[in-house]
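A.B. asks:
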Amino acid sequence: MIAPLTTLLAFQLVGEALAFGFKLPIPGPVIGMALLLGAIAARRALLDALRPTTTTLLQHLSLLFVPAGVGVMVHGRRLADEGVAIVVALVLSTVLALAATALTVHALWPRGEDDAR
């Protein structure tokens, strides 16, 4: 279990190094996950090697929400003061993300002769 966990952390570290080194606007863990996806696509055996560790991590995923819950408790006053602005920002950003996704899918979806647009 140590070797697969080390592999996962190595991909995250490489992603962080690339994001920092090239001053990329993408978070390092996202870059690391993309690299991991590429490595799995290139070498399918890697998926089988990582599966037991990733399954165990996913079973305990709820523990990762504890810090967020503590943050809500610690910053409760600020959330009460700025709650409306936060909710408006969340709703607007969600609507914009959905619209951008829909427009992208609409633009990239293959068109057949029978499709009406």
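Counted from 1, the sequence shown has number 258 at position 51 by the working numbering; the numbering is strictly sequential. Cβ atoms here follow ideal geometry from the backbone N, Cα and C, with glycine treated the same way.
Is the number of C-beta pairs between the region 246 to 255 and the region 228 to 236 that are closer than 8 angstroms three or more?
C.D. replies: Counting Cβ pairs under 8 angstroms, fewer than three are found: no touch.
A.B. asks: Quick check on DSSP: helix, strand or coil for G319?
C.D. replies: Note: G319 maps to coil in three-state DSSP.
A.B. asks: Assign F227 to one of three DSSP states: helix, strand, or coil.
C.D. replies: Here F227 sits in helix by DSSP.
A.B. asks: Judging by CA-CA distance, which residue of R284, R258, G239 and L305 is the nearest neighbour of I209?
C.D. replies: When only C-alpha atoms are compared, the closest one is R258.
A.B. asks: With 16 other CB atoms within 10 Å as the buried threshold, where does F272 fall?
C.D. replies: Exposed is the call here.
A.B. asks: CB-CB under 7 angstroms to V279, same chain, minus the five flanking residues each way: which ones, in chain order?
C.D. replies: Once the five neighbours on either side are set aside, the close Cβ partners of V279 are L286.
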